[in-house]
Structures are given as structure tokens and as C-alpha cells.
Amino acid sequence: DIEEAARKFKISFTYPEKVEEFFEIAANAKTESKSAGNSLLDTYEGVLTEKEGFFKEQSKKYEELLEKKNSLVMHKIVLLKAHEILHQNSPMIGQEENAEGTQKALPESIENKEPLLL
Numbered sequence: 046d047i048e049e050a051a052r053k054f055k056i057s058f059t060y061p062e063k064v065e066e067f068f069e070i071a072a073n074a075k076t077e078s079k080s081a082g083n084s085l086l087d088t089y090e091g092v093l094t095e096k097e098g099f100f101k102e103q104s105k106k107y108e109e110l111l112e113k114k115n116s117l118v119m120h121k122i123v124l125l126k127a128h129e130i131l132h133q134n135s136p137m138i139g140q141e142e143n144a145e146g147t148q149k150a151l152p153e154s155i156e157n158k159e160p161l162l163l
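Numbers in the numbering used here are just positions in the sequence shown, counted from 1, shifted up by 45.
This is how it looks when you write it as C-alpha cells:
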């Protein structure tokens with residue numbers, strides 16, 4: 046439903062407060078387009094149908110992106126938990142334990158000042 050989707054995306058519709066106001070807007074539009082009333086309505090109907098199709102397509106893509114984002118967030122949570130479980134009692138990557146069991150940083154390379162890779 047268009048109105049439900051508009052609320053979801055915080056889009057508000059404005060309607061003329063009085064019927065006379067609507068007729069004035071329609072008369073001005075008719076004068077500006079220099080078309081007959083029937084032709085003007087057909088034109089507006091075509092434009093609205095096109096915009097509605099575009100809006101529905103964008104709304105569908107938005108929902109798909111939300112699903113993909115949620116999937117990636119869940120994937121990240123699983124990976125972080127797996128990392129935590131796998132590395133509970135082992136030193137962090139890039140560190141080694143010394144004789145006392147405490148961790149110390151690996152020495153840095155003298156040439157490029159980059160940490161040595163394991």
C-alpha cells in the first residue's frame with residue numbers, strides 16, 4: 046500500500062483543505078498545460094502510474110537491502126563469536142607468549158617498520 050510505505054519512509058501527503066481549492070489547482074494546471082480536461086487527467090494518470098511503479102520498485106529494493114544487511118550482521122556476529130571461541134586461551138595474532146606465559150609483541154622489521162607476519 047502506497048500510504049503505508051509513505052509512512053514508513055516518513056513521506057507526507059498534502060491535500061487541499063476544501064474542494065474549491067482542488068478545483069482551483071486543477072483549473073490552473075489545465076490552463077498551464079493548455080490541454081483539455083480529459084487529456085490532462087490522462088497525462089496525470091500516466092505520470093502517477095509511472096511514479097507508483099518506480100516507488101514500488103525502490104521500496105522492494107530497500108527491503109532486499111535490509112535483508113542483506115541483516116544477513117551480514119548475523120554473519121559478522123557468528124564470525125566474532127567463532128574468533129572468540131577459537132582464540133580463548135591462545136595469544137592474539139601478531140603476538141607470542143614468553144616463558145612467564147604473558148604476551149609480548151613480535152619484533153618489528155628494521156627495513157620497512159612493518160610487524161613481522163607469522
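Every residue, glycine too, gets a C-beta built ideally from N, C-alpha and C.
Could you tell me the alpha carbon to alpha carbon distance between residue i and residue j, rounded to whole angstroms?
i    : j    : result
E66  : T76  : 15 Å
I130 : E112 : 27 Å
L85  : V123 : 57 Å
V64  : I70  : 10 Å
I56  : N73  : 25 Å
H132 : S116 : 24 Å
G91  : K114 : 35 Å
M119 : Y107 : 18 Å
L110 : F54  : 15 Å
L93  : E62  : 21 Å
K126 : Y89  : 55 Å
K96  : D87  : 14 Å
L163 : H128 : At L163, the pLDDT of 38 sits below 50, so the modelled position is not reliable; the number obtained from the coordinates is stated separately. Going by the C-alpha atoms only, they are around 18 Å apart.
Does any heavy atom of the ligand ATP sit closer than 8 Å to the C-beta of residue i?
i    : result
L111 : Looking for the ligand ATP in the displayed structure turns up nothing, as the structure carries no ligands at all.
Comparing alpha-carbon positions, which option in the options lies nearest residue i?
i  : options               : result
D5 : K105, L125, K121, T59 : Missing from the structure shown is residue 5; the chain here goes from 46 to 163 and no further.
Does the count of Cβ pairs from the region 46-54 and the region 94-109 closer than 8 Å reach three? yes
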